[in-house]
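Undergrad:
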Amino acid sequence: MDEKEARLVELVLGGRAEAFEPLITPYRKLLLTLAYRLSRNIEEAKEISQETLMRAFRYLGSFDRKRSFKNWLLQIEMNVWRTLGARAVDEGTLRELAATTTPEDPEERLAGKEAREKLFSCLDGLSPREREVFLLRDIEGRSVKETAEVLRISEISVRVHLSRARVKIKELAKTRFPGLAEGWK
Amino acid sequence: MNCSRVRKFLPLYAGADLSARKARRLEKHLVRCTNCRREIEEFRAVLAGIRAVSSKDTLDWPEGEWKGLMARIRSVKQGPRPVSPFAPIPKKAWAYGFAIVLVLGIAALILKTILSPPATPLLTEVMMPTTAQPSRALRADETSSARYPQDLPFRVYERREGPDRVLLAAVPAPDKTTQNMMSMILVSQETGLKVHWTFNRNFDWKEKKK
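So the sequence lines, in the order shown, correspond to chains A and B.
Note that the numbering used here has the first sequence beginning at 9, numbered continuously upward.
Note that the numbering used here has the second sequence beginning at 1168, numbered continuously upward.
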């Protein structure tokens, strides 16, 4: 946790609740996007993200300053996702691909939609645990150790699920998107 | 490493998640195996593609909803700050706990050893084997005719259990009350083992102090 975040945490804990917004703003996109990739439903993603922020504010006093604030938020979000998001998933209704805020440029909007289609198409083939590990490690760029901490599982378990997830993703991508990396970039 | 073993590690190697030692062994194989090289290139291309897609695709809150959410959060009551006498709590608390339990266990074991009386050893004395032959065992008819001294502090009773078996039993002599202890020394002719036994008048075994 950097000095600025530490100062903001102190302010919030000292009763200055308005300091929570600048503390959390750098992570607002990250939390919403991750929740959306997990749930694949924008309303549910908002619900998960909102509950994450509520809990972060409520339990900020228990946050260990030696840890990464970002990882702490991700850990809360994963817990919320498991509690709220583990509902029966109807693939038909969850394919809600309209973003809350979409780019103004129609071409850009279309590119974003296609990109999301491709990403979800591959994530669909993963088990919930594989998806969590894959999103944290390969999409959010957390290390294996950080992923293990966030999900509260062992590093060995992270490696096992990560390996399986990458094999599945590669096979799905090969069959569904023969253009592979060239076309995606 | 052969191809089938390398294939197991390729997904992790593609994302640089393999240990340095395994990665070096795998790289040696990749230098000479075209198929595995192609496989690793596919993994890398897919991962790069996925990352490129995800970087384009981020969502954000509409400003109005975000402001409303922040206002709601400000009205939430915060939980109490944790107060711990041991703050900050060590990261590996389980390791400290295990160490404390281990130390206490060892201390308890040492105390028990110090406080408990020493185990009573069976008093034995090993004698040098003698050249003498083993004593001849009494026959049943000899046993029945054997005479025992009458000035002993106990009486010996015999009961015939079979044609070749006689059971001898000893009880304190009622008229010999002056002696309360009796010592017996058993010597093995074959091994030279000598065992001292001390009995009280009820024939309960007692340790003999040397």
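From the three backbone atoms N, C-alpha and C, an ideal C-beta is built for every residue, glycine too.
To the nearest angstrom, how far is the alpha carbon of proline 1255 of chain B from that of isoleucine 164 of chain A?
TA: Translated into the one-based positions of the second sequence, residue 1255 of chain B becomes position 88. Translated into the one-based positions of the first sequence, residue 164 of chain A becomes position 156. In this prediction, proline 1255 of chain B has a pLDDT of 47, which is less than 50 and means its spatial position is unreliable; what the coordinates show is noted afterwards. Looking at the two C-alpha atoms, the distance is approximately 28 Å.
Undergrad: In angstroms, rounded to a whole number, what distance separates the CA positions of isoleucine 50 of chain A and isoleucine 32 of chain A?
TA: Counting from one through the first sequence, the residue named residue 50 of chain A turns up at place 42. Counting from one through the first sequence, the residue named residue 32 of chain A turns up at place 24. Roughly 20 Å between the two C-alpha positions.
Undergrad: Tell me the DSSP secondary structure of arginine 66 of chain A in three-state form.
TA: Counting from 1 along the first sequence, the entry for residue 66 of chain A is found at position 58. Arginine 66 of chain A falls in the helix class under three-state DSSP.
Undergrad: Check distances from the C-beta atoms of the region 1172-1198 of chain B to those of chain A and list, in chain order, the residues that come in under 7 Å.
TA: Pro1178, Leu1179, Ala1181, Gly1182 and Asp1184
Undergrad: To the nearest angstrom, how far is it from the Cα of alanine 156 of chain A to the Cα of glycine 149 of chain A?
TA: If you number the first sequence from 1, residue 156 of chain A lands on position 148. If you number the first sequence from 1, residue 149 of chain A lands on position 141. Roughly 13 Å separates the two Cα atoms.
Undergrad: May I ask you to report which of helix, strand or coil DSSP gives tryptophan 1364 of chain B?
TA: One-based indexing of the second sequence puts residue 1364 of chain B at position 197. Note: tryptophan 1364 of chain B maps to strand in three-state DSSP.
Undergrad: Using 8 Å as the limit for Cβ to Cβ distance, is glycine 1272 of chain B near chain A?
TA: On the second sequence, position 105 is the one that residue 1272 of chain B refers to. With 8 Å as the cut-off, glycine 1272 of chain B does not count as an interface residue toward chain A.
Undergrad: Run down chain B in chain order and give the residues with a C-beta less than 8 Å from the C-beta of arginine 48 of chain A.
TA: What you label residue 48 of chain A is simply residue 40 of the first sequence in a count that begins at 1. Per Cβ cutoff of 8 Å: no residues; arginine 48 of chain A is ~12 Å from chain B at best.
Undergrad: Straight-line CA distance for lysine 37 of chain A to alanine 64 of chain A?
TA: Looking up residue 37 of chain A in the first sequence gives position 29. Looking up residue 64 of chain A in the first sequence gives position 56. Cα-Cα distance, rounded: 16 Å.
Undergrad: Return the CA-CA distance between glutamine 1245 of chain B and glycine 133 of chain A, expressed in angstroms with no decimal places.
TA: On the second sequence, residue 1245 of chain B is found 78 positions in, with the first residue counted as 1. On the first sequence, residue 133 of chain A is found 125 positions in, with the first residue counted as 1. Spanning the two alpha carbons is a distance of roughly 40 Å.
Undergrad: Got a sec? Which residues, its chain only, sit under 8 Å from isoleucine 1142 of chain B by beta carbon, not counting five neighbours each side?
TA: Because residue 1142 of chain B is not part of the residues shown, which for chain B are 1168 to 1377, the question remains open.
Undergrad: Could you tell me whether the Cβ atoms of glycine 1216 of chain B and alanine 14 of chain A are closer together than 8 Å?
TA: Residue 1216 of chain B sits at position 49 when you count from the first residue of the second sequence. Residue 14 of chain A sits at position 6 when you count from the first residue of the first sequence. Contact flag unset, no.
Undergrad: How big is the Cα-Cα spacing for arginine 24 of chain A and leucine 16 of chain A?
TA: Taking the first residue of the first sequence as position 1, residue 24 of chain A is located at position 16. Taking the first residue of the first sequence as position 1, residue 16 of chain A is located at position 8. Cα-Cα distance, rounded: 9 Å.
Undergrad: What did DSSP end up calling methionine 1168 of chain B once you bin it into helix, strand or coil?
TA: If you number the second sequence from 1, residue 1168 of chain B lands on position 1. Coil.
Undergrad: Do you know how far the Cα of threonine 1201 of chain B is from the Cα of arginine 1191 of chain B?
TA: As a first step, residue 1191 of chain B must be located in the second sequence, where it is residue number 24. As a first step, residue 1201 of chain B must be located in the second sequence, where it is residue number 34. Taking the straight line from one Cα to the other gives about 17 Å.
Undergrad: Spell out whether any CB of chain A is found under 8 Å from the CB atom of threonine 1291 of chain B.
TA: Along the second sequence, read from residue 1 onward, the residue named residue 1291 of chain B stands at position 124. Low local confidence applies: a pLDDT of 49 at threonine 1291 of chain B is under 50, so the model's placement there is unreliable, with the coordinate-based value given in what follows. Taking Cβ atoms only, chain A never reaches closer than 8 Å to threonine 1291 of chain B, which makes this a no.
Undergrad: How is isoleucine 147 of chain A classed by DSSP in three states: helix, strand or coil?
TA: In the first sequence, the residue the question calls residue 147 of chain A occupies position 139. It is helical.
Undergrad: Write down the C-beta distance between leucine 81 of chain A and leucine 21 of chain A rounded to the nearest angstrom, noting that I regard them as a contact closer than 8 Å.
TA: Within the first sequence, residue 81 of chain A is the residue found at index 73, counting from 1. Within the first sequence, residue 21 of chain A is the residue found at index 13, counting from 1. No, leucine 81 of chain A and leucine 21 of chain A are not in contact; Cβ-Cβ is about 16 Å, not under 8 Å.
Undergrad: Answer yes or no: do methionine 1348 of chain B and tryptophan 1364 of chain B have a C-beta to C-beta separation smaller than 8 Å?
TA: Position 181 of the second sequence holds residue 1348 of chain B. Position 197 of the second sequence holds residue 1364 of chain B. The criterion of a C-beta distance shorter than 8 Å is not satisfied by methionine 1348 of chain B and tryptophan 1364 of chain B.
Undergrad: Going by DSSP, name the residue or residues bridged to methionine 1351 of chain B.
TA: Numbered from 1 along the second sequence, position 184 holds the residue referred to as residue 1351 of chain B. B/Trp1364, per the DSSP bridge assignment.
Undergrad: Leaving out five residues before and five after alanine 43 of chain A in sequence, what residues of the same chain have Cβ atoms less than 6 Å from its Cβ?
TA: Taking the first residue of the first sequence as position 1, residue 43 of chain A is located at position 35. Here the set comprises Ala53, Ile56 and Ser57.
Undergrad: What are the uninterrupted segments assigned as alpha helix (DSSP H) that are 4 or more residues long and contained completely in the region 1174-1235 of chain B, given in chain order?
TA: 1187-1199 and 1201-1223
Undergrad: Give me the chain A residues within the contact set of valine 1243 of chain B, using Cβ-Cβ distance strictly less than 7 Å, ordered along the chain.
TA: Taking the first residue of the second sequence as 1, we reach residue 1243 of chain B at position 76. Met62, Phe65 and Arg66, listed in chain order.
Undergrad: Distance check for alanine 1275 of chain B and alanine 1266 of chain B, CA to CA, integer angstroms please.
TA: As a first step, residue 1266 of chain B is located in the second sequence; it is residue number 99 there, counting from the start. As a first step, residue 1275 of chain B is located in the second sequence; it is residue number 108 there, counting from the start. Cα to Cα, alanine 1266 of chain B sits roughly 14 Å from alanine 1275 of chain B.
Undergrad: Quick one: does leucine 1236 of chain B have its CB under 8 Å from some CB of chain A?
TA: Within the second sequence, numbered from 1, the residue matching residue 1236 of chain B stands at position 69. With 8 Å as the cut-off, leucine 1236 of chain B counts as an interface residue toward chain A.
Undergrad: Taking its Cβ as the centre, do 16 or more other Cβ atoms sit within 10 Å of asparagine 1367 of chain B, making it buried, or is it exposed?
TA: Looking up residue 1367 of chain B in the second sequence gives position 200. With fewer than 16 other Cβ atoms within 10 Å, it is exposed.
Undergrad: Closer than 8 Å by beta-carbon distance: list the chain A residues that pair up with phenylalanine 1210 of chain B, in chain order.
TA: As a working note, residue 1210 of chain B is residue 43 in the second sequence. Those within 8 Å of phenylalanine 1210 of chain B in chain A are Arg174 and Lys178.
Undergrad: Would cysteine 1170 of chain B be called buried (16 or more neighbouring beta carbons within 10 Å of its own) or exposed?
TA: Counting from one through the second sequence, the residue named residue 1170 of chain B turns up at place 3. By the neighbour-count rule (16 or more Cβ atoms within 10 Å), cysteine 1170 of chain B is not buried but exposed.
Undergrad: Excluding the 5 residues preceding and the 5 following arginine 1211 of chain B in the sequence, name in chain order all residues of the same chain whose CB lies nearer than 7 Å to its CB.
TA: Here residue 1211 of chain B refers to the residue found at position 44 of the second sequence. These residues qualify, in order along the chain: Ala1181.
Undergrad: Within 10 angstroms of the Cβ of threonine 1358 of chain B, are there 16 or more other Cβ atoms? Answer buried if so, exposed if not.
TA: For the purposes of this step, residue 1358 of chain B is identified with residue 191 of the second sequence, where counting begins at 1. Per the 10 Å Cβ criterion, exposed.
Undergrad: Taking all protein chains shown into account, decide if threonine 183 of chain A is buried (16 or more other Cβ within 10 angstroms of its Cβ) or exposed.
TA: By one-based count along the first sequence, residue 183 of chain A stands at place 175. Threonine 183 of chain A comes out exposed.
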